[in-house]
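Engineer:
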Amino acid sequence: MRVAVGGFQHETNTFASQEADLDAFLHPDAWPALQGGAGLLATFAPTADGTACMNVPIAGFMAEAPAHAITCAPLVWAAATPSAHVTSDAYAHIAGMMVEELERTLRDGPLDAIYLDLHGAMVTEDLEDGEGSLLEWMRDIVNGQIPIIASLDLHANVTAKMMRNADVLVAYRTYPHTDMAETGARAARLAADIVSSGRRPAKAFRKLNFLIPLTAQSTMSDPGALIYADVSTMTGLTRVPDDGDAIPVLSASAAMGFPPADITECGPAVMAYAHSQDAADEAADRLADAMLEFERHFRQKIWSPEEAIAYAEAASADDRKAGPLLLADTQDNPGAGGTGDTVGVLRALIDTASSALCGVINDAAAARAAWQAGAGARIRLKLGAWSGGAREKPIDGTFDVITLHDGEIDAHGPFYRGAHLSLGKSALLRLGNIHIVVASNKVQTADRAMFTAFGVDPARENIVAVKSSVHFRADFQAMARDVVVVASPGPNPANHLDLPYRRLRSGVRLMPMGPTFQRSRKPLK
Ligand SMILES: [Zn+2]
3 MRVAVGGFQH ETNTFASQEA DLDAFLHPDA WPALQGGAGL LATFAPTADG TACMNVPIAG
63 FMAEAPAHAI TCAPLVWAAA TPSAHVTSDA YAHIAGMMVE ELERTLRDGP LDAIYLDLHG
123 AMVTEDLEDG EGSLLEWMRD IVNGQIPIIA SLDLHANVTA KMMRNADVLV AYRTYPHTDM
183 AETGARAARL AADIVSSGRR PAKAFRKLNF LIPLTAQSTM SDPGALIYAD VSTMTGLTRV
243 PDDGDAIPVL SASAAMGFPP ADITECGPAV MAYAHSQDAA DEAADRLADA MLEFERHFRQ
303 KIWSPEEAIA YAEAASADDR KAGPLLLADT QDNPGAGGTG DTVGVLRALI DTASSALCGV
363 INDAAAARAA WQAGAGARIR LKLGAWSGGA REKPIDGTFD VITLHDGEID AHGPFYRGAH
423 LSLGKSALLR LGNIHIVVAS NKVQTADRAM FTAFGVDPAR ENIVAVKSSV HFRADFQAMA
483 RDVVVVASPG PNPANHLDLP YRRLRSGVRL MPMGPTFQRS RKPLK
């Protein structure tokens, strides 16, 4: 069985300031750079014991492939850090390469299926639905003759066009995304099943009509944990219709959506596939009903930084033995289009905390200054707030340079597992009793190596503030006595009522149980 494999991942925050140009895909900070041909096969090849070499869907697909006698024919794989729109130029370039590679692969010999590793929330300067168009082109090239299977992020904003042009869309089931490789493996099993049975599955698609804040989407707590437990049990579920034949549900997925995307089809969705339309519909309805039933439980307390710090300082000595209080600086989460340079939480720590660890602040100029001065030096800096996005002033102070690091760090936590992080020139600085990791590249603080590489142990702190919404939980939650989500100015508002939406569909609730959006009657440009 010969399957073409490729990927094109971007999560677009249409309210953010920095676009993803071609360079963002050629030099991403954490995941591999754009790959094609033999380079793609080598980058994602399974380890010697046959497991996925990194927690990335295409690596999981390739590790599972031999068990189903699947030979992988490489297309193109590219990903960039979440940001504002993908430029038209970058999209045309990479989608163009994908199409060319597919045509070349077809000239080399017949294909049985196509697998694509997609995110499902890509907005370009011209397209609200980058993946829908890509899938449509791929489908047109093969005249719909072979199945197309795509894996999606749990944060996909799934569209009707994506549904129409893929035979199966299968989404992650964890947030933090510890099952990215496993989702790729599930896609490989589905591809093998569809090709060998020769049957295209019936599909059912349901769109939920409310937006879920990222911080409430974690599957390490309810209601996310309950919903995804049901997703897992449902796949492989059999329904016995009147004639007595069992009908398997081939795949069921729930995508929570990526709210900071001003597009018509933003928001959660459910996708189910079975050998009969009835079975697919039944599975999709059950999941959609469960998500709707849980709507009010997706409301979650958001703290001010000062309130969170006061809570941490009030902890008894015994409480503190159970580990730090973690502050999630969600509104500047680089994983959701944040710039990583806001300083609202850091300023509150400097003003009111007795001690704390904070990171990762994205500030290349400050990191360079620390390198020039050297470890042990004391330097005057204006730290952070250089991008202007949050309309803040930088922290103007005298910092001790504690540790320097070239920023080349291997991640070992469950989320970034297997990834090599390139933070650029980096430093651990200290102002009073506040330790701050500063890097030249923006990165979501989702692996404890981002602190331990500098010689500090987050487990020994009273307060640790991280630029992340949920992914940090994978590597940090077990060491913490508690986790609170804080709101400080940044491009990823936890309260969607603060976002100037224009293109959402009318009637969608902006927050769980919240007010509905009404589209202006004025035409959108
Ligand atoms: Zn995601």
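Following our numbering, the numbering of the sequence shown begins with 3 at its first residue and continues without gaps. Beta carbons: idealized from backbone N, C-alpha and C, even for Gly. The model shown is predicted, which means the values in this text are computed figures rather than measured ones.
(1) What is the DSSP secondary structure of A461, reduced to helix, strand or coil?
(2) What residue does the alpha helix (DSSP H) around G41 start on, and which one ends it?
(3) Please look up how many angstroms separate the CB atoms of P59 and M182, rounded, as I've assumed it's under 8 Å.
(4) May I ask you to report which of helix, strand or coil DSSP gives F10?
(5) Please confirm whether any heavy atom of ligand 1 lies closer than 6 Å to the CB of D449.
(6) Could you pull the start and end residues of the alpha helix (DSSP H) that T107 belongs to?
(7) Do G391 and S490 have their CB atoms nearer than 7 Å?
(8) Checking 7 Å against the spacing of the C-beta atoms, do A368 and L385 come in under that value?
(9) So, does the stretch 504-519 touch the stretch 335-355, judging by three or more C-beta pairs under 8 Å?
(10) Tell me whether the beta-carbon of I265 lies closer than 7 Å to the beta-carbon of V160.
(11) How about G409 and S389: are their beta carbons less than 7 Å apart?
(12) Can you tell which of V487, P261 and G132 has its C-alpha closest to the C-alpha of N167?
(13) List the endpoints of the continuous beta strand (DSSP E) containing A271.
(14) Hey, would you say the C-beta of D155 is under 6 Å away from at least one heavy atom of ligand 1?
(15) Near T518, what residues of its chain come up, given a Cβ to Cβ distance below 6 Å and the 5 sequence neighbours on each side ignored?
(16) Is it true that the CB of A193 sits closer than 7 Å to the CB of A115?
(17) If you draw a straight line from the alpha carbon of R419 to that of P225, how long is it in whole angstroms?
(18) Identify which residue in L42, N145 and A81 has its Cα closest to the Cα of M64.
(19) Can you list, in chain order, the residues of its chain whose CB lies under 8 Å from that of S90, leaving out five sequence neighbours each side?
(20) Could you name the residues of the same chain whose beta carbon sits closer than 8 Å to that of G246, not counting the 5 residues immediately before and after it, in chain order?
(21) Can you check whether the CB of A286 is closer than 7 Å to the CB of A276?
(22) Looking only at its chain, what residues have a beta carbon closer than 7 Å to the beta carbon of M515, apart from the 5 residues adjacent to it on each side?
(23) From V242 to I72, what distance separates their C-alpha atoms?
(24) Does the stretch 92-102 come within contact of the stretch 200-220, defined as at least 3 CB pairs closer than 8 Å?
(25) How far does the beta strand (DSSP E) with V144 in it reach, from first residue to last?
(26) What would DSSP say about E267, mapped onto helix, strand or coil?
(27) Measure from the alpha carbon of R188 to the alpha carbon of each residue in R208, L154, A162 and A204, then state which is nearest.
(28) Tell whether a beta-carbon distance below 7 Å holds between P149 and D169.
(29) On a Cα-Cα basis, can you pick out the residue from P76, S198 and P261 that is closest to D500?
(30) Within 10 Å of its beta-carbon, does Q520 have 16 or more other beta-carbons around it, so buried, or fewer, so exposed?
(31) If you draw a straight line from the alpha carbon of V5 to that of V101, how long is it in whole angstroms?
(32) With a CB to CB cut of under 7 Å and the five nearest residues on each side skipped, what residues in its chain are close to T53?
(33) Under the DSSP definition of a beta bridge, which residues are partnered with C360?
(34) For a quick check, are the C-beta atoms of N443 and G415 less than 7 Å apart?
(35) Tell me whether N464 is buried or exposed, calling it buried when 16 or more other Cβ atoms sit within 10 Å of its Cβ.
(36) Going by C-alpha to C-alpha distance, which of A26, Q333 and L113 sits closest to A80?
Structural biologist: So, from the data block:
(1) helix
(2) G39 to T45
(3) 5 Å
(4) strand
(5) no
(6) S90 to D110
(7) no
(8) yes
(9) no
(10) no
(11) no
(12) G132
(13) A271 to A276
(14) yes
(15) G509 and R511
(16) yes
(17) 26 Å
(18) L42
(19) T126, E127 and D128
(20) The predicted model places G246 with a pLDDT of 49, which falls under 50 and marks its position as unreliable; any figure quoted below should be read in that light. Same-chain partners within the cutoff: there are none.
(21) no
(22) E297, R298 and R301
(23) With a pLDDT of 45 at V242, under the threshold of 50, the modelled position of that residue is not reliable, and no figure is offered here.
(24) no
(25) Run containing V144: none; DSSP gives neither H nor E here.
(26) coil
(27) L154
(28) yes
(29) P261
(30) exposed
(31) 15 Å
(32) A65
(33) I438 and A467
(34) no
(35) buried
(36) A26
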